[in-house]
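Have a look at the structure below, then the notes.
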Amino acid sequence: MKVLALTHAHLDTEGLSPVSCERADSIAGTWAGKLGWEVDVVHTAGTRWRGIWPNGEGLKINILNIQAPHSYMLGTRPLFTAELKAYLEKRKLAGLASLVGSRIASRARHTLAVSNLALPADLAAAGKWGRYIARQPELAGKKYDFIFVCVGYGDEYLLQTAHVLSRLLHIPTITDLRDLWSEHHEPARFTDKQRKQVRRHEVKLLANTALISVPQKHMKHLLDKWVNKPVYMLSHSAYADKVWHEGRVTHNEFIMLYAGKLYAGGPGIKMLLELVKQLAQAQQARPFRCRFFVDDVKKLQELAADYDITKYVEANAWIAPGELWTQMRSAHLLVIPDPGVAEHYPVLPTKTFQYAYTGRQILGLLEFANPIMQEFLQEHNAGMATTKVSDAVPWVSAMMSDETLYKELPPLRRMPFREELAEAYGREIQGIIAGK
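Residue numbers (the numbering used here): 622 to 1057.
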């Protein structure tokens, strides 16, 4: 089988998030390594690729570095007012006219998009990107069996790129969804009107795929109603390699850990900081600290200062997954802020699965109850989820007094690796493609 993968076709200079890369890399890598498939992965040159294997090292895949035109890139333009001022100061009238024209066109497109009369800007750019990729010499003379697109939070426009490529290359698409675009668990992301509009686009694009894979029952339930396509359940677990270095026992200090986006305005992070404050005020059996690996270290430090808990907070930037694995195995408690949201979506954050595999206990701090999180933690004897910091304090304090935590690492929980499931997933795809 020959596969064209869009797992890194991201039109943002920041590139994909580590989680998005992990799911995509491990699937494509398994197909190439265990099934012997030829996998070409499109990577937008000039963007960051924060995957498991830096620059693809260790993956038996062929990376196609394709430079996207600057006008296709998202979020790279300076503010309109700054550009306007620069053109006026330099008296560049031609550039000024072009800038104002682009601004008017952008506003008009937005107005039409809200009324569902035109594609949103990111989908329009994604369509152009698909047509651009199809013309590149790297693809000349190659006959692919299918296009594989792995879609996570923030890169949903890849569906549009895949749709355009599928039409131009006359080959089917296989879509792996980490999140449903229109049903994501961030409440303020869309208004109700925008959500309905996005869902129409989502359903239209998914109707042109041969197989959809999802990690959660809730997503499968929705897609079975929305799209008349087979939906495959594929593990959601964030990648954990069997050869990565194990953790270490921490004897004289209790370590809590959170790794992920900060979401500084969310209730979960505030609950976590309040928990640290209340633990600090109580008499604890051991010294403790909360170790963070987040996208905004400066903001976290400001929040810690506001709560007067700076000495109990260790703020770190994101690190490579292999290093993070060691840190997680070395902590005594792993924390998930906001595993429940106002819409009461019965979904589990990606990190839930990687956290659970470590064997360490998990604490979910959530303003809104999520029964699925409670069910998961009970099933795996993996911790507690609570909507009240006051309930978490005695539970964590009891853990600090548990001598067994400081003697040896807990056994890993038996949860299937995504790579173990990706091989069967590949064979399912092979049968579908052959049937066509």
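Glycine included, C-beta positions come from ideal geometry on N, C-alpha and C. The structure presented is a predicted model; accordingly, all values stated were derived computationally and were not measured.
Secondary structure at residue i, three-state DSSP: helix, strand or coil?
i       : result
Leu870  : Position check: residue 870 holds Val in this sequence, whereas Leu was assumed. Looking at Val870 - three-state DSSP - the assignment turns out to be coil, as it is neither helix nor strand.
Met877  : strand
His822  : helix
Tyr774  : coil
Asp646  : helix
Met854  : strand
Arg1039 : helix
Arg981  : coil
Arg756  : coil
Asp633  : coil
Arg1034 : coil
Val660  : strand
Phe974  : helix
Arg907  : coil
Ala626  : strand
Leu695  : coil
Phe701  : The pLDDT assigned to Phe701 is 46, lower than 50, so where the model puts this residue is not dependable, and the model offers no usable value.
So, for residue i: in the same chain, excluding its five sequence neighbours on each side, which residues have a beta-carbon less than 8 Å away from its beta-carbon?
i       : result
Leu1033 : Tyr978, Thr979 and Gly980
Met949  : Gly868, Leu878, Ala880, Leu955, Gln975, Tyr976, Thr979 and Arg981
Ile682  : Ala626, Ala649, Gly650, Ala653, Val660, Asp661 and Val662
Lys841  : Val835, Val852 and Met854
Ile1054 : Met622, Asp766, Phe767, Pro793 and Ala831
In chain order, what residues of the same chain lie with their CB nearer than 6 Å to the CB of residue i, ignoring the 5 residues before and after it?
i       : result
Pro793  : Phe767 and Ala831
Val770  : Leu627, Leu779, Ala783 and Thr796
Trp865  : Gly943 and Trp946
Lys623  : Glu659, Tyr765 and Asp766
Gly889  : Pro958, Asp959 and Leu986
Met892  : Leu986 and Val1010
Ala645  : Thr628 and Cys771
Gly1047 : Trp652 and Leu656
Alpha carbon to alpha carbon, what distance is there between residue j and residue i?
i       : j       : result
Pro960  : Pro758  : 45 Å
Ser834  : Pro908  : 45 Å
Asp927  : Arg912  : 17 Å
Phe1038 : Tyr765  : 27 Å
Lys1042 : Ile1050 : Lys is not the amino acid found at residue 1042; the sequence shown has Leu there. Taking the straight line from one Cα to the other gives about 13 Å.
Ile940  : Phe914  : 7 Å
Thr871  : Thr1025 : 11 Å
Asn1002 : Leu1030 : 16 Å
Leu896  : Pro1015 : 10 Å
Ile993  : Lys838  : 10 Å
Phe989  : Ser1011 : 15 Å
Leu613  : Met694  : Residue 613 is absent from the structure shown; the chain starts at 622 and stops at 1057.
Gly773  : Leu798  : 6 Å
Lys800  : Arg910  : It is worth fixing the name first, because residue 800 is Asp in this sequence and not Lys. Going by the C-alpha atoms only, they are around 32 Å apart.
Glu804  : Asp743  : 18 Å
Leu685  : Gly667  : 12 Å
Ile754  : Asn829  : 19 Å
Asp917  : Glu923  : 10 Å
Gly775  : Trp802  : 8 Å
Leaving out the 5 sequence neighbours to the left and right, which residues in its chain are closer than 7 Å to residue i when beta-carbon positions are compared?
i      : result
Lys920 : Leu883 and Ala885
Entirely enclosed alpha helix (DSSP H) segments - the stretch 985–1026, minimum 4 residues: 992–1000 and 1010–1021
- prompt: Can at least three beta-carbon pairs, one atom from the stretch 844–858 and one from the stretch 929–936, be found at a separation below 8 Å?
  reply: Contact between the stretch 844–858 and the stretch 929–936 is absent: fewer than 3 CB-CB pairs across the two stretches fall below 8 Å.
- prompt: Hey, which unbroken runs of the alpha helix (DSSP H) at 4 residues or more fall wholly within the stretch 900–964?
  reply: Complete alpha helix (DSSP H) runs here, min 4: 918–927 and 942–951.
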